[in-house]
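**Q** There's a structure below that I have some questions on.
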Ligand SMILES: *Cc1c(COP(=O)(O)O)cnc(C)c1O
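Residue numbers (the numbering used here): 4 to 360.
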């Protein structure tokens, strides 16, 4: 089998050694005589997996002690509601930025529980940039941001500075770059973009800021309930958590988040410089808002599409088609995608210019 260069936006590429170890554990795990997925989640070996996964997440992100990490179900989509339940007080308001489809979904869910002020939106420009922030004041319980907009290929270059805590959906750039956790009350994200296989959502929450909404929160949505049960309130998604742990160990072996950030920046620089240089292509996201994870671009002339699509398919590239709301192409370059795969795509783009330009 020839090598596939996997640009899937999610579920995403995982390191080959992680896939091998996960596959082995599904057959028979560490001499337990059982598969990882057919034994009790309350068994000693699995409890150790959950504990290590939570601790390693905290270590890799450099989170202060007051933060607690949980691995739950429902994806980031339930996270939109969970965030509001735990941080939007009864009768309160929160500020949200509208930077893409997922950000808009977060706003929609929060509106079930309180007032939302949309303090910035780039919707009118098809979300091609991170908009300048409007007024955020102490009457807002928090500011919610989507740090990386997976569909549109935009990313906050820097986290906003506001007088209230930040709540962030980091689904598609968690573990890809370092950031200062100090202003955050809650960080959450589906693991399937950059941390592991689908099935789990990660919450990193400042425990000291929990429990202040005055709400009677349904059990599964109450982060304090999950904290009191060490992320085992109910059956956790064992395969997803285990494979996420393997991916985090792999990341640690690469030198951690700061080291992978350098690789990610080299990958995105290589592709953006080709988009900017090559007269056949144009980027979607504006300079200053460009994502290091999801690079959105299109052909200047649709008549080159057939030749381009044929070439990248023949080069073993997979998952490059853009999301229907942007069109064109999207190269998702999560942590496990090697620089070499980006070079293959850039070579195909250069070759297109040589033959069609
Ligand atoms: C994929 C994605 C989601 C949705 O995640 P689910 O785990 O499928 O609910 C939310 N936010 C962002 C930024 C995403 O990329």
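Every residue gets a Cβ at the ideal spot worked out from N, C-alpha and C, and that includes glycine.
Could you please give the first and the last residue of the uninterrupted beta strand (DSSP E) stretch that includes residue 299?
**A** It spans 297-302 - the beta strand (DSSP E) in which residue 299 sits, taken as one unbroken run.
**Q** Do you know offhand how far residue 157's Cα is from residue 96's?
**A** 26 Å
**Q** Indicate, with yes or no, if ligand 1 has a heavy atom lying under 8 Å from the CB of residue 204.
**A** yes
**Q** Would you report the Cα separation of residue 296 and residue 82, rounded to the nearest angstrom?
**A** 21 Å
**Q** Any heavy atom of ligand 1 closer than 8 Å to the beta-carbon of residue 126?
**A** When distances are taken from the beta-carbon of residue 126 to the heavy atoms of ligand 1, even the shortest one reaches 8 Å or more.
**Q** In terms of residues, what are the limits of the beta strand (DSSP E) holding residue 334?
**A** 332-335
**Q** Can you list the beta strand (DSSP E) stretches of 3 or more residues lying completely in the region 260-286, in chain order?
**A** 284-286, all fully within the region 260-286.
**Q** What are the boundary residues of the beta strand (DSSP E) that includes residue 177?
**A** Segment: none, residue 177 is in no beta strand (DSSP E) and carries neither H nor E.
**Q** DSSP on residue 142, reduced to helix/strand/coil?
**A** coil
**Q** Under 9 Å between the Cβ atoms of residue 336 and residue 285?
**A** no
**Q** Assuming contact is defined by CB atoms lying nearer than 9 Å, are residue 223 and residue 74 in contact in what I supplied?
**A** no
**Q** If you measure between the beta carbons of residue 85 and residue 226, is that distance less than 9 Å?
**A** yes
**Q** Quick check: does the Cβ of residue 172 come within less than 8 Å of any heavy atom belonging to ligand 1?
**A** Yes, the beta carbon of residue 172 sits closer than 8 Å to at least one heavy atom of ligand 1.
**Q** Any heavy atom of ligand 1 closer than 8 Å to the CB of residue 325?
**A** no
**Q** Between residue 270 and ligand 1, is there a pair consisting of the residue's CB and a ligand heavy atom that are separated by less than 8 Å?
**A** no
**Q** Going by the beta-carbon positions, is the gap between residue 218 and residue 71 smaller than 9 Å?
**A** no
**Q** Are at least three pairs of beta-carbons, each pair with one atom in the region 54-62 and one in the region 152-172, less than 8 Å apart?
**A** no
**Q** Look up residue 147 in the DSSP assignment and give the residues it is bridged to.
**A** 99, 170
**Q** Cutting at 6 Å between CB atoms, please list the residues of its own chain near residue 332, excluding the five before and the five after it.
**A** 300, 323, 325
**Q** Under 8 Å from any heavy atom of ligand 3, does the C-beta of residue 175 make it?
**A** This structure lacks ligand 3; the ligands present are ligand 1.
**Q** Note the first and the last residue of the continuous beta strand (DSSP E) segment covering residue 75.
**A** Where residue 75 is concerned, the enclosing beta strand (DSSP E) stretches over 70-75.
**Q** Kindly indicate which three-state DSSP category residue 157 falls into: helix, strand or coil?
**A** strand
**Q** Between residue 91 and the rest of its own chain, which residues show a CB-CB distance below 6 Å, the 5 nearest in sequence each way excluded?
**A** The beta carbon of residue 91 is closer than 6 Å to those of 97, 116, 117, 144 in its chain, skipping five residues each way along the sequence.
**Q** Assuming residue 103 contacts residue 135 under a Cβ cut-off of 8 Å, what Cβ separation, rounded to an integer in Å, is found between them?
**A** Cβ atoms of residue 103 and residue 135 stay farther apart than 8 Å, at about 16 Å.
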